[in-house]
Each structure stands twice: as C-alpha cells, then as structure tokens.
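Here's the structure we're looking at; comments come further down.
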C-alpha cells in the first residue's frame with residue numbers, strides 16, 4: 034500500500050498540470066514545463082520518477098515533496114521516451130526519442 038500512494042500521486046500530477054508558487058529572485062530562471070501527460074514511471078527506495086516529454090517529476094517518498102527536472106535542471110535533451118532506475122548503481126537512466134540518454138546519479 035505504501036508504494037501505491039506515491040505512484041497514484043504522480044499519476045494525478047502527470048494528469049493535471051500544477052503550479053509552484055516560489056519567489057524567484059532577479060537574474061534567475063524557472064522552467065514552466067508541460068506535465069499533463071506522463072510517459073514513464075520508475076522508482077528507487079527514496080524517490081519516484083515520472084517522465085513527461087519535456088521533463089521529469091521527482092517525488093521524494095519520505096516527505097512527499099517534489100521537484101521538476103528539465104533542461105536547466107541538468108537534463109541534456111527534450112522529448113523523453115522512457116526512464117528507468119538501476120538499483121545496483123543507484124542511477125536514473127533517461128532515454129530520449131532521438132537515441133540520446135542521460136545517466137543521473139547523486140543529482141549529477
């Protein structure tokens with residue numbers, strides 16, 4: 034049951050767009066990515082990852098907080114095709130439709 038709740042939350046977030054109300058300082062960027070269509074879901078022990086075409090929603094299981102990763106957050110491309118998580122290396126694999134891929138470990 035504990036695994037179903039975060040996944041249902043991500044499906045809800047992927048289905049409906051959301052807004053973040055943050056005070057953004059001058060000379061800084063904030064992406065507004067379309068997150069209305071979830072493509073792929075993967076999870077680690079600590080996080081659930083929901084891929085959309087333009088970014089990834091990351092849900093932390095311990096406090097149910099989330100963040101959105103896009104090009105300015107470290108992704109190298111757009112048009113994500115799939116995500117997967119490799120448990121042994123603790124690495125998120127992001128595959129793009131053009132054949133490129135990102136390997137994300139320890140937020141790098």
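Residue numbers (this note's numbering): 34 to 141. Here a beta-carbon is modelled for each residue, glycine too, at the ideal position from N, C-alpha and C. None of the values given here were measured: they were computed from a predicted structure.
Contact set for residue 141: own chain, Cβ-Cβ below 8 Å, skip 5 residues either direction: As a first step, residue 141 is located in the chain shown; it is residue number 108 there, counting from the start. The beta carbon of residue 141 sits closer than 8 Å to those of 107, all from its chain and outside the five residues before and after it, given in chain order.
Exposure of residue 136, with buried meaning 16 or more beta-carbon neighbours within 10 Å: The count along the chain shown starts at 1 and reaches residue 136 at position 103. By the neighbour-count rule (16 or more Cβ atoms within 10 Å), residue 136 is not buried but exposed.
Own chain, CB closer than 6 Å to residue 118, minus 5 neighbours either side, in chain order: On the chain shown, residue 118 is found 85 positions in, with the first residue counted as 1. Cβ neighbours of residue 118 beyond the five flanking positions: 75, 77 and 125.
Pair within 8 Å by beta-carbon distance, residue 116 and residue 73: Residue 116 sits at position 83 when you count from the first residue of the chain shown. Residue 73 sits at position 40 when you count from the first residue of the chain shown. Cβ distance < 8 Å, so residue 116 and residue 73 count as in contact.
Residue 138, DSSP secondary structure in three states: Along the chain shown, read from residue 1 onward, the residue named residue 138 stands at position 105. Here DSSP, grouped into helix, strand and coil, assigns residue 138 to coil.
Which of helix, strand or coil DSSP assigns to residue 88: Here the question's residue 88 lines up with position 55 in the chain shown. Of the three classes helix, strand and coil, the one that applies to residue 88 here is coil, per DSSP.
Expected contact under 8 Å - CB spacing of residue 123 and residue 138 to nearest Å: Locating residue 123 in the chain shown gives position 90, counting from the first residue. Locating residue 138 in the chain shown gives position 105, counting from the first residue. Yes, they are in contact, since the Cβ atoms of residue 123 and residue 138 sit about 6 Å apart, within 8 Å.
Helix, strand or coil at residue 77 [DSSP, three-state]: Working through the chain shown from its first residue, we reach residue 77 at position 44. Coil.
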